[in-house]
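**Student:** To convert, count from 1 in the sequence shown and add 400; that's my numbering. In this text, a Cβ means the ideal position worked out from N, Cα and C, and glycines have one as well. Note that the coordinates shown come from a computational prediction; the quantities given were computed from them, not determined experimentally. I'd like to ask you about the structure that follows.
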Amino acid sequence: MSRQIQPPLKFSNRLNSGTFGDVHGLTAHLISTKEESSCVLKVIKKGLDPYQASCSRMQLKNEIIKLSRISDADPKGLFPVVQFLGVLEPVEGVFGLLAERCETDLIEYFKQEKKIASYEQLSSIAKQCIRGLNFLENGVTPPIVHLDFKSDNILVSSINPLTIKISDFGLAVDSPQAACLNPRGCLKTASPEVALRNAFDTSADKWSLGCVLFQLRTHRSLFDIQDYQSLVARIHDLAGPIPKERLENLSNRNQIFEFPEEDSSSVVLKPEFKPTPTVRQHQLLCLHSADLSQNGPKGFESSEAKSFRVFLHGILKINPADRLSYDQMLNHNFITKYS
């Protein structure tokens with residue numbers, strides 16, 4: 401679907417800037433509707449070296465293809481995915497992707513509000529994300545794995561009620577995918593199967609959803625790490641143990657794990673990769689118990705906190721097959737109690 405626009409273009413300020421692309425505000429007349437529309441234009445960033453420019457073009461073209469397919473599957477925009485308005489053909493020297501305009505993303509919204517998300521807000525956000533991800537899995541052919549699902553890519557389209565749209569499909573791929581030896585997407589929300597270079601499907605986005613919800617509740621990343629080695633180690637400690645057979649595609653596994661000879665099936669983190677007690681307690685706070693250890697914090701856990709914790713625990717499973725299905729998520733107490 402390509403809805404060309406009529407010049408002149410009315411550019412506003414640059415709204416956002418990523419590694420390879422810029423997002424500008426734009427007012428233009430859509431030929432298809434003959435109406436002036438406020439939208440965003442995603443273009444290739446200027447000043448990139450040849451390799452970066454090539455990556456930017458590939459991501460932009462990929463996003464256009466994915467959003468076009470999504471739009472064809474949902475022409476009325478019933479699901480919480482950013483609306484694709486078409487492609488800006490080379491007009492006034494510019495080529496880019498046109499999409500509906502949303503003023504901010506989830507993490508910036510809560511920063512501006514200077515508060516963490518309430519459990520009721522988290523439930524609503526989760527429900528909308530589940531509807532969107534379920535649509536990408538079951539409403540689009542072939543299914544789409546977002547692969548870069550993070551709070552920055554979940555836009556706020558309205559405040560009251562808080563309504564979200566999933567955006568930024570530049571790294572999205574069709575599902576299922578064979579083993580990926582070069583993981584991509586957001587490091588801090590990457591699923592175990594992606595981090596471990598295993599085959600993956602749409603279940604990878606379920607894990608990312610759990611990481612996003614944790615961040616919105618705590619204003620901290622569940623996995624506050626800088627490289628895939630550390631991510632694998634944290635996943636093993638938090639949600640593991642990671643089965644030995646899932647490490648076969650990880651070329652640096654011997655740098656992270658020890659393999660005891662007396663137990664051929666088990667792996668042990670090397671001392672340098674074991675998280676500090678403070679980091680581990682923070683991670684476990686939402687996932688296991690309010691009483692973390694004999695030396696950890698003790699106290700009453702509210703029913704809301706417990707429901708949220710159990711919900712996250714159902715998503716953050718190392719084995720994708722063990723994660724809650726989208727139907728199970730929608731019927732979970734954490735979602736239904738606020739509906």
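1. Below 8 Å, how does it come out for the stretch 510-519 and the stretch 589-605: are there three or more Cβ pairs, yes or no?
2. Report the rounded CA-to-CA distance for Leu596 versus Leu609, giving the unit in angstroms.
3. What three-state label does DSSP hand Ala428 in the structure shown?
4. Measuring CA to CA, which of Ile559, Asp474, Leu533, Gln528 is closest to Gln512?
5. State the Cα-Cα distance for the pair Ile470 and Met458, rounded to the nearest angstrom.
6. Short of 8 Å in beta carbon distance, which residues of its chain neighbour Gln694, apart from the five on each side in sequence? Order them along the chain.
7. So, is the C-beta of Glu701 closer than 8 Å to a C-beta in chain B?
8. Per the contact definition of three or more C-beta pairs closer than 8 Å, is the stretch 537-548 in contact with the stretch 571-579?
9. Should Ile566 and Val440 be called a contact, given that it needs their Cβ atoms to be closer than 8 Å?
10. How many angstroms separate the CA atom of Ala690 from the CA atom of Leu669?
11. Go to Leu506, then tell me how far its beta strand (DSSP E) extends in each direction, as first and last residue.
12. Taking its Cβ as the centre, do 16 or more other Cβ atoms sit within 10 Å of Gly447, making it buried, or is it exposed?
13. From the DSSP output, which residues share a beta bridge with Asp552?
14. Measuring CB atoms only, is the stretch 622-637 touching the stretch 652-661, in the sense that at least three cross pairs come out at less than 8 Å?
15. If you draw a straight line from the alpha carbon of Asp472 to that of Ser621, how long is it in whole angstroms?
16. Which runs of the alpha helix (DSSP H) at least 4 residues long sit entirely within the stretch 595-657? Give them in chain order.
17. Considering only residues of the same chain and omitting the five flanking positions on each side of Gln521, which have a CB-CB separation below 7 Å?
18. Bridge partners of Arg414, per DSSP?
19. Buried or exposed: where does Gln626 fall if 16 or more other Cβ atoms within 10 Å of its Cβ makes it buried?
20. Kindly list the residues whose CB is nearer than 6 Å to the CB of Met729, restricted to its own chain and excluding five residues on each side of it in sequence; keep chain order.
21. With a threshold of 16 other CB atoms inside 10 Å of the CB of His636, please say whether the residue is buried or exposed.
22. Sorted by chain position, which residues of the same chain lie with C-beta nearer than 8 Å to Asn462's C-beta, five sequence neighbours on each side aside?
23. Check this for me: beta carbons of Leu616 and Phe510, under 8 Å apart or not?
24. Taking the straight line between their C-alpha atoms, what separation do you get for Pro697 and Ala705?
25. List the DSSP bridge partners of Gly496.
**Tutor:** This is what the structure holds:
1. By the Cβ rule, the stretch 510-519 does not count as touching the stretch 589-605, because fewer than three pairs are nearer than 8 Å.
2. Along the sequence shown, one-based indexing puts residue 596 at 196. Along the sequence shown, one-based indexing puts residue 609 at 209. One Cα belongs to Leu596, the other to Leu609, and the distance between them is close to 18 Å.
3. As a working mapping, residue 428 is identified with position 28 in the sequence shown. Ala428 falls in the strand class under three-state DSSP.
4. In the sequence shown, the residue the question calls residue 512 occupies position 112. Looking at the Cα atoms, Ile559 is the closest of the given residues.
5. Looking up residue 470 in the sequence shown gives position 70. Looking up residue 458 in the sequence shown gives position 58. Roughly 18 Å separates the two Cα atoms.
6. On the sequence shown, residue 694 is found 294 positions in, with the first residue counted as 1. Because Gln694 sits at a pLDDT of 35, beneath the cut-off of 50, its placement in the model cannot be relied upon, and the point is left open.
7. Absent from the structure: chain B. Only one protein chain is present.
8. Short answer: they touch.
9. Stepping through the sequence shown from its first residue, residue 566 is reached at position 166. Stepping through the sequence shown from its first residue, residue 440 is reached at position 40. Ile566 places its beta carbon 8 Å or farther from that of Val440.
10. Against the sequence shown, residue 690 aligns to sequence position 290. Against the sequence shown, residue 669 aligns to sequence position 269. Here the model assigns Ala690 a pLDDT of 38, short of 50, so the residue's position is not dependable, and the following value carries that caveat. So the two alpha carbons sit approximately 25 Å from each other.
11. On the sequence shown, position 106 is the one that residue 506 refers to. No beta strand (DSSP E) holds Leu506; the alpha helix (DSSP H) holding it covers 506-513.
12. Here residue 447 refers to the residue found at position 47 when the sequence shown is read from its first residue. Looking at its Cβ environment, which holds fewer than 16 other Cβ atoms inside 10 Å, Gly447 is exposed.
13. Here the question's residue 552 lines up with position 152 in the sequence shown. The partner list for Asp552 (beta bridge, DSSP) is empty, contrary to what the question assumes.
14. With the cut-off at 8 Å, the stretch 622-637 and the stretch 652-661 touch.
15. What you label residue 472 is simply residue 72 of the sequence shown in a count that begins at 1. What you label residue 621 is simply residue 221 of the sequence shown in a count that begins at 1. Taking the straight line joining both Cα atoms gives about 35 Å.
16. With a minimum length of 4 residues, the continuous alpha helix (DSSP H) runs that stay inside the stretch 595-657 are 603-618, 628-639, 653-656.
17. Residue 521 sits at position 121 when you count from the first residue of the sequence shown. Same-chain partners within the cutoff: Leu562.
18. Taking the first residue of the sequence shown as 1, we reach residue 414 at position 14. DSSP, once it has assigned bridges, lists His424 as partnering Arg414.
19. Residue mapping note: residue 626 aligns to position 226 of the sequence shown, counting from 1. In this structure Gln626 is exposed. Its beta-carbon is surrounded by fewer than 16 other beta-carbon atoms within 10 angstroms.
20. Here residue 729 refers to the residue found at position 329 of the sequence shown. Taken in chain order, the residues that qualify are Ile530.
21. Locating residue 636 in the sequence shown gives position 236, counting from the first residue. Taking a 10 Å sphere around the C-beta of His636, we find 16 or more other C-beta atoms and assign the residue as buried.
22. Taking the first residue of the sequence shown as 1, we reach residue 462 at position 62. For Asn462, where only same-chain residues beyond five positions count, the Cβ hits under 8 Å are Phe569, Gly570, Leu571, Ala572.
23. Within the sequence shown, residue 616 is the residue found at index 216, counting from 1. Within the sequence shown, residue 510 is the residue found at index 110, counting from 1. The answer is yes: Cβ separation under 8 Å.
24. Translated into positions along the sequence shown, residue 697 becomes position 297. Translated into positions along the sequence shown, residue 705 becomes position 305. Residue confidence for Pro697 is low, a pLDDT of 46 falling below 50, so the modelled location carries little weight; the figure read from the coordinates is stated next. Roughly 15 Å between the two C-alpha positions.
25. Here residue 496 corresponds to residue number 96 of the sequence shown, with the count starting at 1. DSSP output for Gly496 lists Val443, Leu488 as bridge partner(s).
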